[in-house]
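The sequence shown: position 130 = 318 (this note's numbering), numbered continuously.
Structure, as structure tokens:
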Amino acid sequence: MGVVLTDNSFLYLIWYATMSILGHYNNFFFAAHLLDIAMGFKTLRTILSSVTHNGKQARGNNTARHLLSVPPVYPPQCYLFHLYAGVRAGGGIGDELEDPAGDPYELWRILFDITFFFFVIVILLAIIQGLIIDAFGELRDQQEQVKEDMETKCFICGIGNDYFDTTPHGFETHTLQEHNLANYLFFLMYLINKDETEHTGQESYVWKMYQERCWDFFPAGDCFRKQYEDLLG
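Structure, rendered in structure tokens:
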């Protein structure tokens, strides 16, 4: 029983059923079911996970955000208004609504405005901005890593320049003569334009690998110099 009660999927279903029951008394609680849309997308689940990463307190705040700051979708104009005006407003949806002073629901309105501002404007938008910045940073790091690999490793065999530079211009000679990338491209273009019935045994092997997008015919981790040294050793 303890395992079941601590299972996140089970707790989510209990919470979902509870919101369904409460929604029959007040349609406002049906808005909580919008969370089910987020659960169907990996990116949105990542956003939710980043909010809930800090433990129980963060998970409670995340639930409150969906319960109190996500508007009902009845009618659709209500949702569009919150999406267009509420998110764009610097202070949240409260900047676009009438002053609640003197209203019978003034206290609830103040609570709603503050909750919307804190969870949607401050936290949610900051998380989205952070994900975008992290994505750009990750792409930049990947590009820098590719550039570094192209400058310090042979594209064909993947052996680093420190192995070849024990002799003068060793890496440059290797990449221009032994494993010239252009020669490999020219050979593949030659196979593409050649009739398959005229392929030799080696050409048929490489052509079959190319069609399967398998690059095992590349001499990964091997080269003439290494074979020569192994032969002498």
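Beta carbons are placed, not taken as given, at the ideal position from N, Cα and C, and that holds for glycine.
Taking a contact to mean a Cβ-Cβ separation below 9 angstroms, would you say Leu223 touches Phe217 in this structure? no
Please determine, among Ile302, Ala408, Asn196, the residue with the shortest C-alpha to C-alpha distance to Phe343. Ala408
Exposed or buried, what is Met377 when buried is set at 16 or more other beta-carbons lying within 10 Å of its beta-carbon? exposed
Excluding five sequence neighbours on each side, which residues of the same chain lie with their C-beta closer than 6 angstroms to the C-beta of Asn249? A caution first: Asn249 carries a pLDDT of 42, below 50, which makes its placement in the model too unreliable to give a value.
Closer than 8 angstroms is the cut-off here; do at least three beta carbon pairs connect the region 358 to 371 with the region 332 to 349? yes
Under the rule that 16 or more other beta-carbon atoms within 10 Å means buried, what is Met227, buried or exposed? exposed
For Lys159, which three-state DSSP category applies? Here the chain comprises residues numbered 189 to 421, so residue 159 is not present and cannot be evaluated.
Over the uninterrupted alpha helix (DSSP H) stretch that includes Ile298, give me the two end residues. 294 to 304
Under a Cβ-count criterion, where at least 16 other Cβ atoms within 10 Å of its own Cβ denotes burial, should Val334 be classed as buried or exposed? exposed
Enclosing alpha helix (DSSP H) for Gly346 [first to last residue]: Premise fails: Gly346 is in no alpha helix (DSSP H) and is neither H nor E.
With a threshold of 16 other CB atoms inside 10 Å of the CB of Ile309, please say whether the residue is buried or exposed. buried
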